[in-house]
Amino acid sequence: MTQSTDTAPLGPDPLDRLPEAKEDPPKKRTLQLVWIIPIVAALIGGWLAVKAVLDRGPEITITFRTAEGIEAGKTKLKYKDVDIGLVKSVALSPDRKYVIAKAELAKDTGNMLVKDTRFWIVSPRVGVGGISGLDTLLSGAYIGVDIGKSQEKQHSFTALEVPPIITSGLPGRQFVLNTKEIGSLDVGSPIYYRRILVGQVIGYQLNPNGKGVTMKAFVNAPYEKYVTPNTRFWQASGLDVSLDANGFRVRTESLASIVAGGIAFQEPDDSSQLAPAPENTAFRLFSDRVLAMKTPEADAEAFLMYFQESLRGLSVGAPIDFRGIIVGEVKSINLEYDPKAKNLRFPVEVLIYPSRLKARYRKGASAPMEAGDPNHHKVMNALIEHGFRAQMRTGNLLTGQLYIALDFFPNATKTKMNWNDSPVVIPTTPGSFGDMQNAAASILKKVDNIPFEGISQDLRKALQNLDGTIDRANKLVERLDGDVATEAARTLSQAKATLATAQQVMADGSPLQQNMGNTLKEVSRAAESLRNLTDYLERHPESLLRGKPEEKP
23 MTQSTDTAPL
33 GPDPLDRLPE
43 AKEDPPKKRT
53 LQLVWIIPIV
63 AALIGGWLAV
73 KAVLDRGPEI
83 TITFRTAEGI
93 EAGKTKLKYK
103 DVDIGLVKSV
113 ALSPDRKYVI
123 AKAELAKDTG
133 NMLVKDTRFW
143 IVSPRVGVGG
153 ISGLDTLLSG
163 AYIGVDIGKS
173 QEKQHSFTAL
183 EVPPIITSGL
193 PGRQFVLNTK
203 EIGSLDVGSP
213 IYYRRILVGQ
223 VIGYQLNPNG
233 KGVTMKAFVN
243 APYEKYVTPN
253 TRFWQASGLD
263 VSLDANGFRV
273 RTESLASIVA
283 GGIAFQEPDD
293 SSQLAPAPEN
303 TAFRLFSDRV
313 LAMKTPEADA
323 EAFLMYFQES
333 LRGLSVGAPI
343 DFRGIIVGEV
353 KSINLEYDPK
363 AKNLRFPVEV
373 LIYPSRLKAR
383 YRKGASAPME
393 AGDPNHHKVM
403 NALIEHGFRA
413 QMRTGNLLTG
423 QLYIALDFFP
433 NATKTKMNWN
443 DSPVVIPTTP
453 GSFGDMQNAA
463 ASILKKVDNI
473 PFEGISQDLR
483 KALQNLDGTI
493 DRANKLVERL
503 DGDVATEAAR
513 TLSQAKATLA
523 TAQQVMADGS
533 PLQQNMGNTL
543 KEVSRAAESL
553 RNLTDYLERH
563 PESLLRGKPE
573 EKP
């Protein structure tokens, strides 16, 4: 069966009755209050970090020999007593020989880090310049800084072992002094100008060849203007004691120079006025004032002198004197064998300054002689022909110091100079002290050769002959008559008694003979003592003033 279905129309769709949808735009997201605080904190932290980076100063490394007085986080770096940095860490070097300290400086100190900037530990010190660093007893040690003048940047430095005497910026001028040895001088030793303290020694070092010392001296302003190219420097350490014809003199710059040593400088009185010497001008440092003020000789000629007597007391630098005028000095003293005489002799090499000897001409003019000048040779030959010789003489009986004197000796053996020798030999004559010794020895020899025993025997024979003569005269008088005979007999009797007494006195074993023998022995001993005295005076001429020193037990 078929079922049909009738579909009735439906009513309106309920969906159609729904209102039309309207587009609703999305809402904007807003920052919640809870996130504000972390964000602000992050911003502040970032700002602080950036500020810390921007405010951070340069870091440097300083090498020290030891870490004495250095402590990480506490030891400060100071420039002119102003804090400019802090030590961050202290550690040993890889080879464990040094200590490396890392320090952070203030941000505005970058221009201080140049090649010649210096660092050192400031602590209490006692030196020749006095006591320094006493303030660190309470505040603790710190690292001192002295800014250099170089344009080359540097961030790694080696600290000084000793604080510098002079820091940068101090007005004055630095000079270089060359010497063979420093003596008692040291860093900080004072420098004097006319006994006024004007500077200090700031350093020294041994020359590369080991034959000298180079010193650095600083002269404070305004005294540096007194240092000119003609200025002479000398060591003023201790006491300068001299004994000469002018008497006994003691000279010192100050009490401090006696203890700590010192240097003095001055121009010779006859020097011309010159401009001040520039920075780092080099000067020679003399051992004493006399050598410093001595006129320098640009021209000198070497000669050789041979001596036979002892040279004890003669030293290198001893003067060559011509009647009170210094015309040279001793250069060297040697000993050599003379094959002709088969004996030892002492060659003394000397320097003669021809400019101090002047050749006089008939016109009355004078001109200085120069080494190698033919006129100089003619003059020297003429002088030698007239007895010009070199002689050793005693300059000081107290010290036994010797010098060489040039003088004329008319009785000297004739000789000539050979100008082909190198160096030329100047003839010599024995010294005056040697002549005195020879004369004393000659006298002693003559006294020793007197035949005192023979004289005594001859005297006894003469007395015996006289006794016989008196006996014969006595017999003759006995034949005479009268008062004359009686008086003559009395006189002859007295004479005979006198002769008998003389015979007793001169007889062997008599007191007179014994006394005469003792006297002869004493004379012989005196001669021996005088001979020993002359030998001792030759070795120790100073004993004439000081006496013989006591013998040590």
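So the sequence shown is numbered by our numbering: it starts at 23 and just counts up by one. Beta carbons are placed, not taken as given, at the ideal position from N, Cα and C, and that holds for glycine. Since the model is a prediction, treat every value here as computed from it, not as a measurement.
Answer with buried or exposed for residue i, where buried requires no fewer than 16 other C-beta atoms within 10 angstroms of its C-beta.
i: T201; result: buried
i: S293; result: exposed
i: Y101; result: buried
i: L424; result: buried
i: Y435; result: The amino acid occupying residue 435 in the given sequence is Thr; Tyr does not appear at that position. Result: exposed.
i: Y558; result: exposed
i: R345; result: exposed
i: L428; result: buried
i: E544; result: exposed
i: G221; result: buried
i: R453; result: Per the sequence shown, residue 453 should be read as Gly rather than Arg. When all chains shown are included, G453 counts as buried.
i: Q257; result: buried
i: F1; result: Because residue 1 is not part of the residues shown, which for the chain are 23 to 575, the question remains open.
i: A340; result: buried
i: A314; result: buried
Is residue i helix, strand or coil when you go by DSSP?
i: E544; result: helix
i: R195; result: strand
i: V352; result: strand
i: V223; result: strand
i: A299; result: coil
i: R345; result: coil
i: A286; result: strand
i: Y375; result: coil
i: S12; result: Any property of residue 12 remains undetermined from this structure, which presents the chain solely from 23 to 575.
i: E323; result: strand
i: R411; result: strand
i: V72; result: helix
i: E550; result: helix
i: R382; result: Summary for R382: the model assigns pLDDT 38, below 50, so the residue's position carries little reliability, and this model does not support an answer.
i: V446; result: strand
i: P244; result: coil
i: Q516; result: helix
i: Y558; result: helix
i: R306; result: strand
i: N229; result: coil
Quick check: the Cα distance between residue i and residue j, rounded to an integer number of angstroms?
i: D493; j: K518; result: 8 Å
i: P80; j: V112; result: 17 Å
i: T657; j: P290; result: Lying outside 23 to 575, the shown extent of the chain, residue 657 is not represented and no answer is given.
i: L65; j: K175; result: 36 Å
i: I224; j: G422; result: 39 Å
i: Q288; j: L420; result: 31 Å
i: A387; j: R553; result: Annotation note: pLDDT 41 at A387 (below 50); position unreliable, coordinate value reported separately. Computed Cα separation, rounded: 53 Å.
i: Y248; j: N418; result: 37 Å
i: G191; j: T97; result: 25 Å
i: M538; j: A548; result: 15 Å
i: G283; j: T253; result: 20 Å
i: E93; j: Y120; result: 15 Å
i: F329; j: R415; result: 12 Å
i: A495; j: S515; result: 10 Å
i: N433; j: D310; result: 40 Å
i: V104; j: I59; result: 41 Å
i: D117; j: G68; result: 41 Å
i: R382; j: V401; result: Only weak support is given to the placement of R382: the predicted model assigns it a pLDDT of 38, under 50, and the value that follows is read from those uncertain coordinates. In a straight line, the C-alpha of R382 is about 9 Å away from that of V401.
i: N403; j: Q413; result: 18 Å
Considering only their Cβ atoms, is the gap separating residue j from residue i smaller than 8 Å?
i: I188; j: M134; result: no
i: L199; j: F240; result: no
i: G194; j: E126; result: no
i: R140; j: L207; result: no
i: I342; j: V372; result: yes
i: T131; j: G107; result: yes
i: P445; j: F325; result: yes
i: L228; j: I165; result: no
i: S178; j: T83; result: yes
i: A286; j: P251; result: no
i: K110; j: K124; result: yes
i: L481; j: L521; result: no
i: I7; j: M327; result: With the chain represented from 23 up to 575, any question about residue 7 goes unanswered, as that position is not in the structure.
i: V370; j: I355; result: yes
i: G95; j: A163; result: no
i: V18; j: Y375; result: The first residue shown for the chain is 23 and the last is 575, placing residue 18 beyond what the model contains.
Measuring from the CB of residue i, is there a heavy atom of the ligand HEM at a distance below 7 Å?
i: T253; result: Among the components modelled here there is no ligand, and therefore nothing to report on the ligand HEM.
Segment contact, 8 Å Cβ cut-off, at least three pairs: the region 439-447 with the region 359-366: no
Check whether the region 299-307 touches the region 331-338, counting contact only when three or more Cβ pairs, one atom from each stretch, lie closer than 8 Å. no
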